[in-house]
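Right, one structure below, let's go through it.
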Amino acid sequence: MRYIVGYIANERGHDAVALASTLAARSGAQLDLTMVLPPPHMPAARVPAEPGYDELIAEQAEEWLKEGLALVPAPVAATASIRYAESFAEGLIQEAEEEQAGLIVIGAGRHGLLGRYSIGSVASALLHSSPVPVALAPRGYQSHPGLGRISCAVGTRAGADNLLATVVDAARRHEVPLRLISLVAVGTKGPPEHGTDLDQARAHAQAVLDEAAARLPAEHEVGVEVAHGERIEDAVETLHWRDDELLVIGSSRLAQHHRLFLGSTANKILRSLPVPMVVVPRNYSPSGGDGTGPETIG
1 MRYIVGYIAN ERGHDAVALA STLAARSGAQ LDLTMVLPPP HMPAARVPAE
51 PGYDELIAEQ AEEWLKEGLA LVPAPVAATA SIRYAESFAE GLIQEAEEEQ
101 AGLIVIGAGR HGLLGRYSIG SVASALLHSS PVPVALAPRG YQSHPGLGRI
151 SCAVGTRAGA DNLLATVVDA ARRHEVPLRL ISLVAVGTKG PPEHGTDLDQ
201 ARAHAQAVLD EAAARLPAEH EVGVEVAHGE RIEDAVETLH WRDDELLVIG
251 SSRLAQHHRL FLGSTANKIL RSLPVPMVVV PRNYSPSGGD GTGPETIG
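Quick note: the sequence shown uses this note's numbering, first residue 1, plus one each step.
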């Protein structure tokens, strides 16, 4: 199993390595730190295409990758590679497809007094086109010896079977508790509507909980929480989050089959989320759908 780490020689690259190392710590996954450079026929803007320029850039990238590899804690295995592509996101997707990787990991910056996520152009491109799950590491993320809990956001609509299979598979292999969460934005509606929304959320979450419990060993810890607030962001902030936790969500229904599309609810969650997030493509299966594909999320 391989994880493609989108590496840049800055804090975001370091955050990505820290998250990937945490996810691989107990799974035996190998990290592939990948730097994406423009093709040789595409000189950087305002930089003269002098003889040997491309070679100098490649040499510098190799030095940066060595520094990135030094950030990977033992005993996690890691290699490094340079990929030439028209864009950073395109290069990471190509690498993931060729290596049959189970995950792409990148750093997603945060801003503001509370340090929330901000999605840049690379993250946005991946979250709208990747065929494999994408993990986002918040700024300043510190590596852990492994995950301590996996949470999964479950909506009230049907059709999330593949997402549930993915998180159940990950929780089983990591041997960590699984928490299913349902987020409800009650807005300014009156009490009757509040009750209806929350009752529906609780009923659906309980049904998902029962299904997850049936797929896990009897002794495996699995629970459910329904959080509500005036906005989705408020609901997220009412939950307790562990430092070594991971939130998994499904792609928007607007996504093409086996592709990602970050929906409006996921964007709202990101505004208040203090832990890493993994977005799983629509109709994605941890076994590739036929039992032969790559595993994912550890």
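Glycine included, every Cβ here is placed at the ideal spot set by N, Cα and C.
| query | result |
| --- | --- |
| Need the endpoints of the beta strand (DSSP E) that Tyr7 sits in, please. | Per DSSP, Tyr7 belongs to no beta strand (DSSP E) and is neither H nor E. |
| At the level of alpha carbons, what is the spacing between Leu103 and Val236? | 25 Å |
| Please determine if the region 211-223 and the region 88-101 are in contact, where contact requires at least 3 C-beta pairs separated by less than 8 Å. | no |
| CB Ala137 to CB Gly107, shorter than 8 Å? | yes |
| Quick check on the burial criterion: 16 or more other C-beta atoms within 10 angstroms. Buried or exposed for Asp243? | exposed |
| Does the beta-carbon of Glu230 have 16 or more other beta-carbons within 10 angstroms, so that it is buried, or is it exposed? | exposed |
| Given a threshold of 16 other Cβ atoms within 10 Å of its Cβ, counted over all protein chains shown, does Gly52 qualify as buried or as exposed? | exposed |
| Buried or exposed for Asp147, going by 16 or more other Cβ atoms inside 10 Å? | It is Leu, not Asp, that sits at residue 147 in the sequence shown. Leu147 is buried by the Cβ-count criterion. |
| Given that a residue counts as buried once 16 or more other Cβ atoms are within 10 Å of its Cβ, and exposed if not, what is Leu114? | Residue placement at Leu114 is flagged as unreliable, the pLDDT there being 46, under the threshold of 50; a coordinate-derived value is accordingly withheld. |
| Closer than 6 Å by C-beta to Ser121: which residues in its own chain qualify, once you throw out the five before and the five after it? Chain order, please. | none |
| Taking buried to mean at least 16 other C-beta atoms within 10 Å of its own C-beta, is Ala207 buried or exposed? | exposed |
| Using a Cβ-Cβ cutoff of less than 8 Å, which residues in the same chain neighbour Arg83 once the five nearest sequence positions on both sides are dropped? | Thr34, Met35, Val36, Leu37, Gly91, Leu92, Gln94, Glu95 |
| For the putative contact between Val154 and Ala205, defined by C-beta atoms under 8 Å, what is the C-beta separation to the nearest angstrom? | 6 Å |
| Ends of the alpha helix (DSSP H) at Glu99? | 88-99 |
| Between which residues of its own chain and Ala171 is the CB-CB distance below 8 Å, once the five residues before and five after are set aside? | Ile150, Pro177, Leu178, Leu216, His220, Val222 |
| Rounded to a whole number of angstroms, what is the C-alpha to C-alpha distance between Leu300 and Leu164? | Outside the shown range of the chain, which is 1 to 298, sits residue 300, and nothing can be said about it. |
| According to DSSP, is Gly52 part of a helix, a strand, or is it coil? | coil |
| Measuring CA to CA, which of Val275, Asp161, Glu225 is closest to Asp15? | Val275 |
| Just curious, the beta strand (DSSP E) that Asp234 is in, first and last residue? | Not the beta strand (DSSP E): Asp234 falls in the alpha helix (DSSP H), residues 232-237. |
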